[in-house]
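The structure under discussion appears below in the form of structure tokens.
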Amino acid sequence: MKNKLLSLGLGGTFLAILCCFTPLLPIVLTALGLTGLLGVLYNDAVLLPILAAFLILTGYALWRQKQQR
């Protein structure tokens, strides 16, 4: 379970960083035909808390992995 939690945290962090700092999210949403969601999702008030949550999840997974050794 600890490897799954860590991989979920790292994957989510990487994806959130890509969406925050590159134009990946508008490109993907345009390709999917969901450009109406750009005003809601491509907003720092949404993306930065998601990034923070995945960073916390990654830190928790690393802490838990260290405690079990």
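Position in the sequence shown (first residue = 1) + 65 = our numbering.
No residue lacks a Cβ here, since even glycine has one placed at the ideal position from N, Cα and C.
For glutamine 130, the secondary structure class from DSSP, reduced to helix, strand or coil, is helix. Leucine 97 and proline 91 have their C-alpha atoms some 10 Å from each other.
Per DSSP, the continuous alpha helix (DSSP H) segment holding glycine 104 begins and ends at 103-106. One thing to note: isoleucine 115 has its Cβ within 9 Å of the Cβ of alanine 81. Taking the C-beta atoms as reference points, leucine 73 is found nearer than 9 Å to alanine 126.
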